Amino acid sequence: MKKKLCVAIVYNEPTGLTKGGRKYISESGVLQDGSKALPKVRDRLTDLSEIGVLEEKEDIARALNSLGYKTTIFNVDGDIVRFVTFLRDEEPDVVFNLCESIGNSSIHEMHVGGIYELMDIPYTGSDPLTLGTALSKVRVKEILLYNGLPTPRFQLFKSWMRMSLDDRLAYPLIVKPSQEDASAGIESESIVTSLPELRKRIRYVVEEFDQPALVEEYVDGRELNVAILGNRKPTVFPISEIDMSTLPKRYHRIISYNAKWMKGTEEYEHTKGVCPAPLPSALESTIKDMALRAYQLLGCRDYARIDFRLSKDHKPSILEVNPNPDISDDAGFARSARAYGYKFEELVGKIVECALERLP
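Our numbering runs 15 ahead of the 1-based position in the sequence shown.
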């Protein structure tokens, strides 16, 4: 009887700041106690964007079990010694890597990949170099620009006190944390139209997120996502759009933290995914080609999502490259895969097959 391949599904359960016996969660990526913000996001927080992994791991386990794999789910829980011991003793054939942070610090995502590399264990998704590079929005933009791919003009600010705005940047601008993902720190106030507003928002990002602020020209238009699967001959799935046409006018047309994660908010309820996005065939082809180039330039592996803005005059700009994106059954990546013709189980199975190709 053929031995079932063992897939270890590895994740790190988000941990929150406990104060007075209560655990606090975040809204907009900042610690909250009711309406009162707690100091310093790094002190820190159970980020709602990280809680999604709890559903994702179960979706993936069900899919793999249905495909005949043996599965085991392991929560790193911040304990690296225990994690390494598990990998050594369990000896999984492959790891389905869902670990995006340790101790609520996303910088450790690439370090987890390094552990797999050192232990010579095949794992799904991108390697440590790509994970670390993608975490820096500025570095990604520099790579894109160097290779002739469009991305909004930008400037990095480490302080709000002695700042000089590049003359080439035109309002409105959008201010973001430079080393966060999942729309952390993105809200309507992120769009600024004057120097006082810009200073205020840069200060907010620097103080609350303890990192430089990325200032970009705001592209008024549509939000598009391109999901890509595979390595030697990657498959580019149909383009998905986040439809914001019913969003109340008091909100900017951006994918804020609330829009992405906060169920019940107006932003969440009025931003729905549509796939395939209605686009002229020539423009669709151009965007897919750009996405594939970005995927390959950043060294993405197995699967990734490329986020775009499409201006009102139909010019696409790459916002972010997201290796190892959320592939929960109800997430945008799975929606794009279904539009291509893959069931969720097929998608998960193909990602594992990509990792198994790296077996010696």
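Where is the CB? At the ideal position from N, CA and C, for every residue including glycine. Please read these numbers as outputs of a predicted model, since none were measured by experiment.
What does the Cβ neighbour count give for residue i, buried or exposed, with the cut at 16 atoms within 10 Å?
{"i": "tyrosine 161", "result": "exposed"}
{"i": "proline 392", "result": "The first residue shown for the chain is 16 and the last is 375, placing residue 392 beyond what the model contains."}
{"i": "leucine 210", "result": "exposed"}
{"i": "valine 96", "result": "exposed"}
{"i": "alanine 185", "result": "exposed"}
{"i": "leucine 159", "result": "buried"}
{"i": "leucine 171", "result": "exposed"}
{"i": "threonine 394", "result": "With the chain running from 16 to 375 in the structure shown, residue 394 is simply not present."}
{"i": "lysine 278", "result": "exposed"}
{"i": "alanine 352", "result": "buried"}
Among the residues of its own chain, which have a CB less than 6 Å from the CB of residue i, if the five just before and after it don't count?
{"i": "arginine 57", "result": "Below a pLDDT of 50, predicted positions are generally treated as unreliable, and arginine 57, at 41, falls in that range; no measurement from the model is reported."}
{"i": "isoleucine 366", "result": "Thr139, Asp317, Tyr318"}
{"i": "isoleucine 243", "result": "Pro249, Val251, Tyr310, Ala319"}
{"i": "aspartate 178", "result": "In the sequence as displayed, the identity of residue 178 is methionine instead of aspartate. Result list for methionine 178: Phe172, in chain order."}
{"i": "glycine 364", "result": "Leu82"}
{"i": "aspartate 74", "result": "Ser343, Asp344"}
Which residue marks the beginning of the beta strand (DSSP E) containing residue i, and which one marks its end?
{"i": "alanine 23", "result": "21-26"}
{"i": "glycine 236", "result": "236-244"}
{"i": "arginine 320", "result": "318-326"}
{"i": "glutamate 231", "result": "228-232"}
{"i": "lysine 275", "result": "Where lysine 275 is concerned, there is no enclosing beta strand (DSSP E), although the alpha helix (DSSP H) it sits in stretches over 272-276."}
Since residue i and residue j should fall inside the 8 Å C-beta cutoff, what is the C-beta to C-beta distance between them, to a whole number of angstroms?
{"i": "glycine 263", "j": "glutamate 281", "result": "In the sequence as presented, glycine is not what sits at residue 263; that position holds proline. Right, the Cβ-Cβ distance comes to about 6 Å (below 8 Å), so this counts as a contact."}
{"i": "alanine 370", "j": "proline 291", "result": "Not a contact, Cβ separation roughly 28 Å."}
{"i": "threonine 145", "j": "leucine 312", "result": "Going by Cβ atoms, the distance from threonine 145 to leucine 312 rounds to 10 Å, so no, they are not a contact pair."}
{"i": "aspartate 258", "j": "valine 289", "result": "5 Å"}
{"i": "asparagine 112", "j": "valine 22", "result": "So it is not a contact: roughly 11 Å between Cβ atoms."}
{"i": "lysine 19", "j": "tyrosine 84", "result": "6 Å"}
{"i": "glycine 67", "j": "serine 343", "result": "6 Å"}
{"i": "isoleucine 269", "j": "glutamate 299", "result": "Their Cβ separation, rounded to whole angstroms, is 23 Å, which puts isoleucine 269 and glutamate 299 out of contact at 8 Å."}
Considering residue i, what are the terminal residues of the alpha helix (DSSP H) in which it resides?
{"i": "arginine 350", "result": "347-355"}
{"i": "glutamate 105", "result": "95-105"}
{"i": "serine 296", "result": "296-312"}
{"i": "threonine 148", "result": "143-150"}
{"i": "proline 211", "result": "210-224"}
{"i": "valine 127", "result": "124-134"}
{"i": "valine 367", "result": "359-371"}
{"i": "glutamate 282", "result": "281-284"}
Near residue i, what residues of its chain come up, given a Cβ to Cβ distance below 8 Å and the 5 sequence neighbours on each side ignored?
{"i": "serine 81", "result": "Glu360"}
{"i": "phenylalanine 323", "result": "Glu238, Leu239, Asn240, Val241, Ile302, Met305, Ala306, Pro331, Ser332, Ile333, Leu334"}
Cutting at 7 Å between CB atoms, please list the residues of its own chain near residue i, excluding the five before and the five after it.
{"i": "glycine 245", "result": "Cys369"}
### Task
Please confirm if the region 223-239 is in contact with the region 194-211, defined as three or more CB-CB distances below 8 Å between the two stretches.
yes
**Asked** Three or more C-beta pairs closer than 8 Å, one from the region 235-244 and one from the region 326-338: is that the case here?
**Response** Yes, the region 235-244 touches the region 326-338.
**Prompt:** Taking contact to mean at least 3 C-beta pairs separated by less than 8 Å, is the region 120-131 in contact with the region 345-362?
**Reply:** no
Specify whether the region 294-312 and the region 141-154 touch according to this definition: at least 3 beta carbon pairs, one from each stretch, less than 8 Å apart.
No: the two stretches stay apart, fewer than three of their Cβ pairs being nearer than 8 Å.
**Prompt:** Between the region 321-331 and the region 134-141, do at least 3 Cβ pairs fall closer than 8 Å?
**Reply:** Counting C-beta pairs with one atom in each stretch, the region 321-331 and the region 134-141 have fewer than three that are closer than 8 Å, which means they do not touch.
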